[in-house]
Amino acid sequence: MHEMSLCEGIRQVIEGQAEAHGFSRVAVVRLEIGRFAGVERAALDFAFDVVMRGGVADGARLEIIDLPGRATCFDCAAEVDLDDRLAPCPRCGGGRLLPVGGDEMRIKDLEVN
Ligand SMILES: [Zn+2]
Numbered sequence: 841m842h843e844m845s846l847c848e849g850i851r852q853v854i855e856g857q858a859e860a861h862g863f864s865r866v867a868v869v870r871l872e873i874g875r876f877a878g879v880e881r882a883a884l885d886f887a888f889d890v891v892m893r894g895g896v897a898d899g900a901r902l903e904i905i906d907l908p909g910r911a912t913c914f915d916c917a918a919e920v921d922l923d924d925r926l927a928p929c930p931r932c933g934g935g936r937l938l939p940v941g942g943d944e945m946r947i948k949d950l951e952v953n
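Just so you know, this note's numbering puts 891 at position 51 of the sequence shown, and the rest follows in order with no gaps.
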């Protein structure tokens, strides 16, 4: 379950931001998560609650922004959105796709008190 280590990374970033910008409570944490990042939502919610305990984001709300999977098709040269990493090209049906996005996971912003 890599959600736990993801949340530990998030906590480090938040604590660093808190120190740099002088806030002490975080109300909302917004994450952008690509569809191919392999993050399980329920596991992430659980890990977030556990990992944030006792820190500046203790009790903060976690909001997730889904980013689509993106790939470039070698057959029709289009850049397309994909729901599934193994799906064929939605334009030409070709199967030779190079993923160009959808693996990312980053903190979009924080609402602080
Ligand atoms: Zn194509």
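In this text, a Cβ means the ideal position worked out from N, Cα and C, and glycines have one as well. Computed from a predicted model, the values in this text were never measured in an experiment.
Compute the distance between the beta-carbons of residue i and residue j, then report whether it is under 7 Å.
| i | j | result |
| --- | --- | --- |
| residue 885 | residue 892 | no |
| residue 895 | residue 851 | yes |
| residue 900 | residue 879 | no |
| residue 843 | residue 883 | yes |
| residue 937 | residue 911 | yes |
Please indicate yes or no: does the CB of residue i lie closer than 6 Å to some heavy atom of ligand 1?
| i | result |
| --- | --- |
| residue 847 | no |
| residue 935 | no |
| residue 924 | no |
| residue 921 | no |
| residue 931 | yes |
Looking at C-alpha atoms only, which residue of the options is the closest neighbour of residue i?
| i | options | result |
| --- | --- | --- |
| residue 923 | 917, 941, 915 and 848 | 941 |
| residue 909 | 902, 920, 915 and 916 | 920 |
Whether or not the region 932-949 and the region 872-891 are in contact is what I'm after, with contact meaning three or more pairs of Cβ atoms, one per stretch, closer than 8 Å; do they touch?
Yes, the region 872-891 touches the region 932-949.
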